[in-house]
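In our numbering, the protein residues as written are 696 to 1070. Just so you know, even glycine gets a beta-carbon here, dropped at the ideal spot from N, CA and C. Below: the structure, in structure tokens.
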């Protein structure tokens, strides 16, 4: 097996690329299409029963460890998959482009939080959830302001200020609830709020917008590469957190893995091998922090300090236990979808999933009691 974007290219697996930039709230529909459906038509799927010889997965901290320690090889060899390619998305990619990667077949299984995964499904992506974490926590997606901005020290100080984020992601959905709880609704496509919203669809561009003063606040996962680098720079401060045990923490902000429905139907053994690998790799990382940090630093090309921070800080999201119940996950989706619609969310208002849709979206065969469950 090889850690190889080159190998993926050799296999003609395809790549997903996009140009970063700002997207205004008025351009929401265009941003959604760009993130999910605007790329070329999906690659033709293999015929049912055909052997899956290789699989392309996202390159991230836990997957580089699974590759380096031979975990992927052990688990995928059992189901006849002889090659695992780790695909680096690239810093210039639009948030949400992993959905287009699934749609084209350039990656097999994608990781995102449950709100954006559900939003991609509502926007037409024929995908299913195969694993979901337990509830999130208040440390995962804090609201940041510049350290030298003396005007903003609490959520209340954001009134009349500019908030910048991508629309289909936790940067938006986490603070949407926090701002609502503070009586300071965020702008939506449907209604002006008390906090201006500026769409910025790329991690690097969002960080730059905050540091340059183009926006006044930004919520981000400080447990990932770009968020950790921003937070550890000393140039930002935490001025707010998510609502404890609210709809974001209990549902929308859960980690999820999702795959195209066709792939999950044809290759459930490969999906199960992936989930076992994830569980094994994350357990090994927690038991071997220093060695794991070295592997992650090299494999994801970040400083050792950032690699270790992602493991030991409570903001990290790779090490949450999975929710074993498909019905629990379905209930969480229904609950947060209803809450966001009731509070003016402009995605699910237009594209609400029915209970039947939600039931089918959470693929029960990978949860407890299912034929391909790891529990």
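Under a 10 Å Cβ-count criterion, residue 876 is classified as exposed, with fewer than 16 other Cβ atoms of the shown protein chains found around its own Cβ. Check the Cα spacing between residue 758 and each of 988, 808, 748: the tightest is with 988. The continuous alpha helix (DSSP H) containing residue 1046 extends over residues 1043-1046.
In this structure, the beta-carbon distance from residue 872 to residue 943 falls below 9 Å.
Taken through DSSP and simplified to helix, strand or coil, residue 906 comes out as helix. Listed as beta-bridge partners of residue 984 by DSSP are no residues whatsoever. Across the set 815, 1060, 868, the C-alpha of 868 shows the shortest separation from the C-alpha of residue 941. The residue among 754, 1038, 767 with its C-alpha nearest the C-alpha of residue 975 is 767. If you ignore the 5 residues before and after residue 1065, its C-beta comes within less than 7 Å of the C-beta of 1059, all in its own chain and listed in chain order. Taking a cut-off of 8 Å on C-beta distances, the stretch 1005-1013 does not touch the stretch 1042-1052, as fewer than three cross pairs fall below it.
In the displayed model, residue 749 falls within a strand according to three-state DSSP. Per DSSP, residue 1034 has no beta bridge partner at all. Relative to residue 996, the option among 746, 754, 747, 933 whose CA is nearest is 754. Judged by pairs of C-beta atoms under 8 Å, the stretch 954-961 does not touch the stretch 885-897, as fewer than three such pairs exist. In this structure, residue 837 places its C-beta atom within 9 Å of the C-beta atom of residue 935.
Take residue 1063, set aside five residues on each side of it, and the residues of its chain with a beta-carbon closer than 7 Å to its own are 1019, 1020, 1070, in chain order. Spanning the alpha carbons of residue 901 and residue 771 requires a straight line of approximately 37 Å. Residue 839 is positioned such that its CB atom lies closer than 9 Å to that of residue 925. DSSP lists 751 as the bridge partner or partners of residue 780. Put simply, of 993, 864, 890, 825 the residue whose alpha carbon is nearest the alpha carbon of residue 910 is 890.
Non-local C-beta neighbours of residue 860 in its own chain, meaning closer than 7 Å and more than five positions away in sequence, comprise 866, 867, 895, 901, 913, 914, ordered along the chain.
For residue 840, no alpha helix (DSSP H) encloses it; the enclosing beta strand (DSSP E) starts and ends at 838-841. When 1001, 1011, 969, 978 are compared, the shortest CA-CA separation from residue 775 is found for 969. Put simply, the backbone Cα of residue 822 is about 9 Å away from that of residue 813.
A distance below 6 Å between beta-carbons, with the five flanking residues on each side excluded, links residue 945 to the following residues of its chain, in chain order: 830.
Taking all protein chains in view, the Cβ of residue 806 is crowded by 16 or more other Cβ atoms within 10 Å, so the residue is classified as buried.
Between residue 994 and residue 762, the gap from beta carbon to beta carbon is short of 9 Å. Among the bridge pairs identified by DSSP, residue 762 is matched with none. The three-state reading of DSSP puts residue 954 in strand, counting E and B together. A direct Cα-to-Cα measurement between residue 1033 and residue 1046 gives close to 12 Å. Secondary structure remark: continuous alpha helix (DSSP H) runs of at least 4 residues inside the stretch 886-937, in chain order: 898-907, 920-927. Residue 826 is bridged by DSSP to 952.
Per DSSP, the continuous beta strand (DSSP E) segment holding residue 804 begins and ends at 804-808. If you look at residue 1020, you'll find it isn't in any alpha helix (DSSP H); DSSP assigns it neither H nor E.
By the CB criterion at 9 Å, residue 932 and residue 906 fall outside the cutoff.
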